[in-house]
Amino acid sequence: MKTTSRSVRRLRRSLNPVRVGGALFVLVVVIVTILVPLLGLPDPQAQNIPEKLGGIGTPGHPLGTDRFGRDLLSRLLHGARIELVVSIGATAVALVVGVTLGMLGGFLGRFVETITMRTVDVILAFPPIVLALLIVTIYGPGIVTLIVTMGILFSPRFARLTYGQVVTVRNLEYVEASRVFGNSTLRTMLTVVLPNVAAPIIVQLPLTLATSILLESGLSYLGLGVVPPTPSWGLMVADGQRDMIANPALVALPSAVIVATILAFGLVGDILRDWLDPRRGMASNL
Amino acid sequence: APKPTASNSTAPELKIGLSADVPDLKPSRDQGAAAMMLDTMIHRGLLGYDAKGQVVPALAESFKASADNKSFTFKLRKDLKFSDGSALTSANVKKTLEFLATSSSGAKIGATMSQLASVDTPDEQTAVVNLKNANVAFPSYLADTTAAILPDKSFGAQGTSWEGAGPFKLDKTQKGVSFTFSKNPNFYDASNVNFDKATVTVYADGQARLNALLAGDVHLIDFVPWESFDRVKQDANLTLDPQSGPWMYLHFNVAKGGPLANEKVRQAIALAVNRENVAKAAFSGQASVVAGAPISESSPFYNAQLAQGWKQDVAKAKQLMAEAGYANGFDAVLLTSSQYAFHQDTALSVQPDLAAIGIRTTLDSGDWATRQQKAAEGRYDIAVAGSAGVVNDPSFLVNFVTGPAANNRSYGFDDPKLDDLLNKGLQAATDADRKAVYDQVQERIIQTVPFASLVGRSQAFAYSKKLSGFANIPGFLTFESGYTLVGARLQA
Amino acid sequence: MTDPKDRSPILTCRDLTVTFTTEGESTEVTHAVSFELKRGRTLALVGESGSGKSVTAMSLVGLLPGTASITGSARFDGEELIGATEERLRSLRGSGIGVIFQEPMTALNPVYTVRALLREALRAHGMHAETQIRLRSVELLQLVGMPDPEKRLGFYPHQLSGGQRQRCMIALAISGNPGLLIADEPTTALDVTVQADILALLRSLQDQLGMAMLFITHDMGVVAEVADSVCVMKDGRVVEQSDVFTLFRSPDQPYTRDLLAAVPELHVSGPSADEPSREEAADDVVLELRSLSVRYPGGFRRPPVMAVDSVDLRLARGTTVGLVGESGSGKSTIGRVIVGLVEPTSGGLVINGSDLTSLRPRQRRAARRNVSIVFQDPASSLNPRSPIGKTVVEPLVRRGALRGHTESRRRAGSLLEQVSLPASWIDRYPHELSGGQRQRIGIARAIAVEPEILVADEPTSALDVSVQASVLELLRELQERMHFSCIFITHDLAVVDNLADSVVVLQQGHIVEMGATGQVLRHPAEPYTQRLVAAAPIPDPLVQKERAASRRSSRSKGSSAST
Amino acid sequence: MTRFVLNRLLLGVVLLWLVVTVVFLALHAVPGDPAAILLGSEGSGAVTPEALARVRSQLGLDKPILVQYSDYLAGLVRMDFGTSFRSADIQVLSYIGDRLPKTLELVLMAALIAVVVGIPTGALAARIGGLADTVISSLTTLGISMPVYVIGTVFVLVFSLQMGWFPAGGYTAIEANPSAHFMRLVLPAIALSFGITSVVARMTRSAVLETVAQDWVRTARSQGLPRSVVFRRHVIRNSLNPVVTTLGLEIGSLLGSTVLIERVFTWPGMGSLLVDSVNSRDYPMVQGIVIVIAALFILINLIVDILYGVLDPRARR
Ligand SMILES: Nc1ncnc2c1ncn2[C@@H]1O[C@H](COP(=O)(O)OP(=O)(O)OP(=O)(O)O)[C@@H](O)[C@H]1O
Ligand SMILES: Nc1ncnc2c1ncn2[C@@H]1O[C@H](COP(=O)(O)OP(=O)(O)OP(=O)(O)O)[C@@H](O)[C@H]1O
Ligand SMILES: [Mg+2]
Ligand SMILES: [Mg+2]
């Protein structure tokens, strides 16, 4: 009871109008994602080629149409669904794989450190296109593969970040204390170290989200991406580029939605970071 | 040294923007547009094409076919030389043609050349080519760039050739960036080459290539992106030169048995697709509908009625599906490639048409190499393909209905009757006879559907208004357009 | 720079009030603070932690964060500081008022050499000729007693010892010949011998340069040594201000009296063995170290460190052994071996009769079930993201001794009460507690398992006297109640004197002397112990000033200062 | 130090071997027959099995994979990376040697811009805070989420075709014409730098916020140093460590990923070579590029680690 009111207070303290705006936007995106089939929009895959490349304000297509005459608004909203699944999925995989590697390497040290951190080096050393090709070969194309591939591609960021943090935290006395007072190594890592290295990881999340949206469109080229005609924002930007001169909205709108979403996720990340950090709001120097 | 005939108004250097890098030149098997362009600049065969697509003499001053179209006699021009100064004689011709005939050469015209019986060289300037079977269209195959006559050293282990008997010789290559040519003084028609130098720069991206033209960095570009046709047309300083080029079609895996082995299903597919949509969506409208066998209107073998054999008729398509026992449709994999946007767009735009007659397709759209292998191994149900005949003569169709498994042909398709007809076409003596045969061929194709044609895509060059004399050769010969650089000129 | 005879006020503060505004909420942290400091004299600012000492000092030089607003008046050399422009304050900083900060470990930028730091400071004070800067840098380092100053110029801060770093900090602070030196707890982080050196140094600098000094500390022994007058602060107010002798003799305010009473005393001259040692009485040994050695492996270019070298030690049931010695002498390492955070390199560790070195890991863990530790630093040994109630019952939860949420909350509350904290605080986080309160959490966690052996690693070093006294009282009381045996690690001899039955003196991993507390402290046999005892400050200005003077004269006769 | 470097280089060789092995096996497992690609193109006729077999044996693809692998490794030991499948005239190593500097130039230029623009921007955001911080953080988000080809295309449209300030793309060798070379470098480098600049700015911001709270900053101020000097010498200087890490990572990952920008600006770098080689299943070339990139990566990591020591004496070995 008291705990809730404290965390509510902390939450309130970490809010400001811009952040609330961001959170609302994320909420809207999520709601749209869930409700989009009920909105009565045209089928995002329905072609009407004679009406291709209609500009903003085309009757029946408020945001215009693409080269297949598909409704841009509907594709944008339906695209949100795929986009969120793919980019959040990929980021989650990267997070789990990377943080695990970084935690193990940083906390256990010695040969575990060599193995995990050098694995990370190997992943990093591969050009993404080659690594992607490799994974498609093993798994075959599809959304799951896409998520796994991007997850692996992005995991080094988290691994390095976590590793760097863990190395500084692992020698702090509260970590040692946790072990003296009976916590297993695993438990110490999960309940003591992890929460204390989380802040920079949370900051990294929206960046990874952004990169995964970009890469998603890039990988579709290898037949690894979202399979057309399913709409996804990344693909829409990539496709729209060809018709950029005829209908700039085809690039501008999805780009804008991507940027706005990432910004919003970043703001939510900020809220989360401050909320989870009981020390936040303490006076800082200078 | 400047030519005495060059007036002040002629610019000595031609700059070309090319759509792809050419790491290696192997004239016998070069099929890419970029490599063929370089081939036409460096190499020459016995015959060539003029701007209209008519076969014209090249290294051969003249040629004569025997009455049975089995033997062809070529008279070479006098004092022919390769760019390195060595003499070009009938021995070179014999060696080149015999090489093309070996099955392992991978030559583009290998199928035709496999009919070679012998090459006789009564003297240095005469070559007599004897075929096992009659082939009326043989000269047009020899006019292809891949039949260029090569110096002996090109037949080494690698078979690379950057030296030939064409209008230019290569001075310098900046790998992956550009090729610098100078005029080849040993070219038989050197007086008609109006450029002292030519630079070919690689612009892989279509938009970048166009930008280079718009910015004046180059005079001529190939492969104008379809989205940009209007843009070029609007520019007063530029000429857009489009021709109907390769044709897009669907092919099928009939080896699996199942619905696609049933010719009624294939007919239904051919009748179901909306070809205008393909043209609009995949080619920004810069493509013409092909609703029968791909024989161009200008061809003497064109048959207006048969050309509409697969005119869209959804009701009939549905009825055929029902007759075949697939009233409820079926699921299929539609193979295409995301590496070429127009391939993928073609697939996307036929998807709803197929769905309309109950064929539910999932796209398998990977990179080109993967697509090729899957197609060659039959790992698909329906595939999108784009292809050009080697020649405009309908005999080219043989490549798409018979022969070993290939990545651009229906997997497992075999129609002996059609093969027979095509063979007859090659042997028919008169044009009237041939026309009759090819009408039957077209009818047969419409019935058994070895492929379902979609559109003939426009293939355009764009060039500065200052460039005159260059022409985009119509039909499948668009890739041979480099031939017309001889005689072209550029205003300063 | 100033006439040594001139005793007019150099700094006069009137009604200095500092208010912090964070997220729209204003808190006044000091209230109308007034005091006066004469030229060449030292004013000590004392008081418990958080009473506003640092804030007051920093407000003078404009080094408070932007969230602070200051009212009142502070005149330095006749010039008003409050409300002065940043530009003006900047030019005063360093050359008018020098500042020494509390923490020598972090107060120096790690990426610059001593030379670069001094050079920058001297340039800021208007010296530009390179040769002059060089000479002056060496001179300054000599002045602060830095050994081998030429060589030290090329060192980075991390290559210096704590004492050397503090000397470097002082050199920086006096590089501009300031009329006033603000020293904010300049010796808190250092051990006694180094502290004595630094205090002596500051006094002698003051004599040479004629600076006034505003000296912030919570150590009354230090006050006794350096101060001319004292200003006692509590809750942001000055509660008493007087001459140092008067203050110690006859404190006026109850708070001051409490503060002085809380100071643990080291009886340097007293009867030996006046108290019966409990250790001798008991022969029930719960813990024994047998020729224990710990060697930390070296690294790149770092030789291995013999942190503990053949140490033999016995701890009898219910008694306390004080482990003393200068920093780095291996005290903590011994404590860490006992709780199992460090594996001994050789030798034996016997707990309740079983030799742990011969046991398997699982059995070892079982043998240590009743060994507990209070860590040296209360701030870093508590998980900042775990509410304190959760922290204190954690050891019990791990043992499965608690069933369910309510029981663990109830237990947490009662543990907090045992260390005199309100049970309702269980949902607070460590940062919301004062240092002393945090240390109590550490103790509550340590006693939660009702240990037989408690290792207390300098549990009071970070605390001010009043809190220290209450923590010590608490430990004593708990020990009486629970009868645990205690290894008490500290470098404060007065604390040992008050708490321990016997003392072990360590130097560089060796035991140099051990025995009953009274015996060792009052009749130290070894020169090292004698030095330690001599360096411990005594909260009596007369005695302490005398001792300091004699130390100084003996040093000036002997070798130069080294830390 | 020397031992450290040697150690790392040794470890690097092991890493390279791992990378080589994985790439080698992966490439052979990926669908797409190099011989078929060589012989055919979009509009090809039928390829005879004999021709395929001949090309495969020319390329050495007919041997058992283990033999191919050991041959390849043996070649590597002699620094022989083989010849490209696409032309026996193309020595893989020298061809990469031709392309690599061009990519490096582009990437390093972008990195330079990132340093020159990103660090001050991030520092500014941290120092001023408030609205400026929000604006800068939004801009950096934009920089990170805009696809590089969109930025590039817009650049060409505006600065080349509209304004005519810069050429529309292409490459001129520096020895041929230095000023033309530079003019052609500007736009792609700037376009490429957007993402990395944004990342650097963000990194700088958070590092500065952390450093500003350190005690030595207050010490520096207490010396009477001007705020700007304090900020530059004591805050920014001490915030560079994470920035260097990021830069190292970004440079490393850009090496093989510049393909889009290379396409838009017709810059003959290694990214497009890599993609072309993958597309044509030019195994020796792909392997060569991956090895070179991995080696560079290891080198960059090493340099970053050495830079740590330069930036922070505590990290010196
Ligand atoms: N930046 C700040 N923002 C808000 N409150 C602050 C800030 N700095 C200090 N305070 C508060 O001002 C009060 C006085 O702090 P100050 O640092 O002066 O204590 P102190 O007497 O120096 O204690 P210590 O002996 O622990 O150093 C404390 O309650 C502290 O919480
Ligand atoms: N993990 C470690 N690796 C290497 N050397 C260490 C390690 N921990 C401590 N040391 C070294 O071992 C010696 C003893 O350290 P220890 O922490 O036991 O000293 P201490 O007596 O507790 O000092 P303090 O009073 O400063 O806490 C020191 O020289 C220290 O530098
Ligand atoms: Mg303080
Ligand atoms: Mg210690």
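Chains as they are written, first to last, in the working numbering: chain W, 1 to 286; chain U, 287 to 778; chain X, 779 to 1341; chain P, 1342 to 1658.
Using N, Cα and C, we set each Cβ at its ideal position, and we do this for glycine too.
Simplified DSSP state of residue i, which is helix, strand or coil
{"i": "residue 139 (chain W)", "result": "helix"}
{"i": "residue 709 (chain U)", "result": "helix"}
{"i": "residue 1352 (chain P)", "result": "helix"}
{"i": "residue 532 (chain U)", "result": "strand"}
{"i": "residue 511 (chain U)", "result": "coil"}
{"i": "residue 871 (chain X)", "result": "strand"}
Residue i, enclosing alpha helix (DSSP H) - first and last residue
{"i": "residue 846 (chain X)", "result": "Per DSSP, residue 846 (chain X) belongs to no alpha helix (DSSP H); it is in the beta strand (DSSP E), 846–854."}
{"i": "residue 422 (chain U)", "result": "Looking at the DSSP string, residue 422 (chain U) is not in any alpha helix (DSSP H), and its letter there is neither H nor E."}
{"i": "residue 1479 (chain P)", "result": "1471–1486"}
{"i": "residue 742 (chain U)", "result": "Element bounds for residue 742 (chain U): not the alpha helix (DSSP H) but the beta strand (DSSP E), 738–750."}
{"i": "residue 1537 (chain P)", "result": "1519–1553"}
{"i": "residue 450 (chain U)", "result": "Looking at the DSSP string, residue 450 (chain U) is not in any alpha helix (DSSP H), and its letter there is neither H nor E."}
{"i": "residue 276 (chain W)", "result": "249–276"}
{"i": "residue 78 (chain W)", "result": "72–108"}
Residue-chain proximity (residue i, chain W), Cβ-Cβ < 8 Å
{"i": "residue 743 (chain U)", "result": "no"}
{"i": "residue 1200 (chain X)", "result": "no"}
{"i": "residue 343 (chain U)", "result": "no"}
{"i": "residue 1127 (chain X)", "result": "no"}
{"i": "residue 1638 (chain P)", "result": "yes"}
Minimum Cβ-Cβ distance from residue i to chain X less than 8 Å
{"i": "residue 1567 (chain P)", "result": "yes"}
{"i": "residue 186 (chain W)", "result": "no"}
{"i": "residue 174 (chain W)", "result": "yes"}
Proximity test, Cβ basis, 8 Å: residue i and chain U
{"i": "residue 246 (chain W)", "result": "yes"}
{"i": "residue 1397 (chain P)", "result": "no"}
Endpoints, the beta strand (DSSP E) within which residue i is located
{"i": "residue 347 (chain U)", "result": "346–351"}
{"i": "residue 1068 (chain X)", "result": "1063–1074"}
{"i": "residue 809 (chain X)", "result": "803–816"}
{"i": "residue 1083 (chain X)", "result": "1083–1094"}
Within-8 Å CB hit, residue i to chain P
{"i": "residue 427 (chain U)", "result": "no"}
Any 3 or more C-beta pairs closer than 8 Å across the segment 975–990 of chain X and the segment 1289–1300 of chain X: no
Of all the beta strand (DSSP E) runs that stay within the bounds of the segment 1183–1249 of chain X, which reach a length of 3 or more residues? 1231–1235
Does the structure place the segment 571–587 of chain U close enough to the segment 245–255 of chain W that three or more beta carbon pairs sit under 8 Å? no
Cβ contact (3+ pairs, closer than 8 Å) linking the segment 897–906 of chain X and the segment 840–859 of chain X: No, they do not touch.
As an exercise, report each continuous beta strand (DSSP E) stretch of at least 3 residues that is fully enclosed by the segment 341–403 of chain U, in chain order. 341–343, 346–351 and 357–362
Any chance you could list the beta strand (DSSP E) runs of at least 3 consecutive residues sitting entirely within the segment 949–1015 of chain X, in chain order? 958–962, 990–994 and 1007–1012
Taking only runs of the alpha helix (DSSP H) that begin and end inside the segment 1344–1431 of chain P, which ones reach a length of at least 4 residues, in chain order? 1375–1380, 1390–1400 and 1406–1418
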